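Residue numbering for the sequence shown follows numbering that gives the first Met the number 0, beginning at 0 and increasing consecutively.
Where a beta carbon is used, it is the ideal one built from N, C-alpha and C, also for glycine.
Treat the numbers as computed from the prediction; the structure is a model and nothing was measured.
I have placed the structure first, in the form of structure tokens, so that the comments after it can refer back to it.
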Amino acid sequence: MEWLGNWLKEVIMVVLLATFVDMLLPSRSMERYVKLVLSLLVLVTLLNPLIRIVTDDPLDKLSAAISKMDRQPGAAAPKPA
Numbered sequence: 000m001e002w003l004g005n006w007l008k009e010v011i012m013v014v015l016l017a018t019f020v021d022m023l024l025p026s027r028s029m030e031r032y033v034k035l036v037l038s039l040l041v042l043v044t045l046l047n048p049l050i051r052i053v054t055d056d057p058l059d060k061l062s063a064a065i066s067k068m069d070r071q072p073g074a075a076a077p078k079p080a
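Here's what the structure looks like:
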């Protein structure tokens, strides 16, 4: 669940940056283009977890998660009665 917190922080920072840049625009002639670029940046940030899932090998992630669970204390099989 740590990845979710990191992802949310990243999304919030990008949205704040986009808002800040939008407020600092000196001329309205480039507003349309700047908003397009900032919107694309926010969209890529939102889709980043899906992009990582598609580009990475899911079997490697699954085997890493299973081995991590096996190494945790208390994750052993229950003792017979």
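For residue j and residue i, the rounded distance between their alpha carbons
| i | j | result |
| --- | --- | --- |
| V53 | L23 | 36 Å |
| M0 | S28 | 43 Å |
| V83 | T44 | Past the edges of the chain, shown from 0 to 80, lies residue 83, and the structure says nothing about it. |
| V33 | L15 | 15 Å |
| P25 | S38 | 19 Å |
| L68 | L61 | Leu is not the amino acid found at residue 68; the sequence shown has Met there. Approximately 11 Å between the Cα atoms of the pair. |
Beta-carbon gap between residue i and residue j smaller than 7 Å
| i | j | result |
| --- | --- | --- |
| V13 | V36 | no |
| P72 | W6 | no |
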